[in-house]
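Structure first, commentary second.
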Amino acid sequence: MVNTVMRIGILGTGDMAAGLGSGWRAAGYEVLAGGRSGPVALDAAGRFGDVVLLAVPAAAAVEVLAHVPPARIVIDCTNDVTPGFGVGHPYAEIVAARPDLAVVKGFNLCHESVWRLPSRVFGGRALAVPLCGPPDAVEAVRPLVTALGCTPVDAGGPERAALLEATAAFAIGLWFAGVDAQAVLQPLHVDGATTVPAGR
Ligand SMILES: NC(=O)c1ccc[n+]([C@@H]2O[C@H](COP(=O)([O-])OP(=O)(O)OC[C@H]3O[C@@H](n4cnc5c(N)ncnc54)[C@H](OP(=O)(O)O)[C@@H]3O)[C@@H](O)[C@H]2O)c1
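If you read the sequence shown in the numbering used here, its first letter stands for residue 10, the second for the next number, and so on.
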């Protein structure tokens, strides 16, 4: 497991690759994005990174991971959402196909345009980015969240990744329906007092 991530490989050259990649470059990381067309091959990007961001459609995820050498940390931001029909679980398919990788689910809740904004502080608070995966890998990915001006949230182990995928499906549905996802959950504090039941 790497201690300090400096090089980030990105599989895919689309919107998520561009948004997250430019933010990490601006924060001082070396970033190499590769695709099936274009100047950098998937293989070069897969080998480049201490961490590899998987930024392709969920249906292509397992196939594209063939370009990642064994035992790397992979960030899986894929969503498999069919409007009106439900949600697939690409994380489980990825882990089943490549058990040698340390896969962290994250960066899948917000639209790609968020990563192109000059700031991710909304209403005075930095955007929180939940991460699910093996604890060592989550630890390695946390600075990549901080580098984008966001707050990493340890959202649990690999078994919780499916919840993050379902949450994305729900949040995307709200977003397209014009409902503010931040408005549907109770706040942590009301009038300065915690809303968490005593003893929790
Ligand atoms: N867009 C969002 O707001 C958003 C937010 C959260 C999560 N996500 C997830 O992030 C992932 C990437 O989304 P995106 O918006 O960046 O998509 P995108 O702009 O459509 O880019 C997809 C990339 O994947 C490549 N690709 C597609 N099929 C491939 C295959 N069979 N083999 C190799 N490369 C392939 C494309 O290559 P070509 O250019 O050659 O087609 C392109 O580089 C998706 O899983 C999506 O669900 C997206």
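All C-beta atoms, glycine included, are put in the ideal place defined by N, C-alpha and C.
For the stretch 52-112, list the beta strand (DSSP E) runs that are entirely contained and at least 3 residues long, ordered along the chain.
Qualifying beta strand (DSSP E) stretches, in chain order: 60-63 and 82-85.
Kindly provide the ranges of any beta strand (DSSP E) runs that are 3 or more residues long and lie completely inside the stretch 117-154, ordered along the chain.
The qualifying runs are 137-140.
State buried or exposed for E168, treating a residue as buried only when at least 16 other CB atoms are found within 10 Å of its CB.
The residue you call residue 168 lines up with position 159 of the sequence shown. Exposed, since its Cβ has fewer than 16 Cβ neighbours within 10 Å.
Of the residues T155, P78 and P99, which one's Cα is nearest the Cα of D59?
One-based indexing of the sequence shown puts residue 59 at position 50. Ranking T155, P78 and P99 by Cα distance to D59 puts P78 first.
Here's the rule: buried if 16 or more other CB atoms are within 10 angstroms of the residue's CB, otherwise exposed. What is R174?
Reading the sequence shown from its first residue, position 165 is the one you call residue 174. Note that residue 174 is Glu in the sequence shown here, rather than Arg. With 16 or more other Cβ atoms within 10 Å, it is buried.
If you count every other CB in all the chains shown that lies within 10 Å of the CB of H210, and 16 or more means buried, which is it?
Beyond the ends of the chain as shown, which are 10 and 209, falls residue 210; an answer cannot be given.
By Cβ distance below 6 Å, which residues in the same chain neighbour A170 in space, the five residues on each side in sequence not counted?
Here residue 170 refers to the residue found at position 161 when the sequence shown is read from its first residue. Here the set comprises Y100, K114 and C141.
Considering Cα atoms alone, identify which of L183, R45 and V205 is closest to C119.
Against the sequence shown, residue 119 aligns to sequence position 110. Closest option to C119, Cα to Cα, is L183.
Is M15 a contact residue of ligand 1, with contact defined as CB to any heavy atom under 7 Å?
Position 6 of the sequence shown holds residue 15. M15: no, Cβ never under 7 Å from ligand 1.
Check for me: the alpha helix (DSSP H) holding R34 runs from which residue to which?
For the purposes of this step, residue 34 is taken as residue 25 along the sequence shown, with counting starting at 1. Counting along the chain, the alpha helix (DSSP H) containing R34 begins and ends at D24 to A35.
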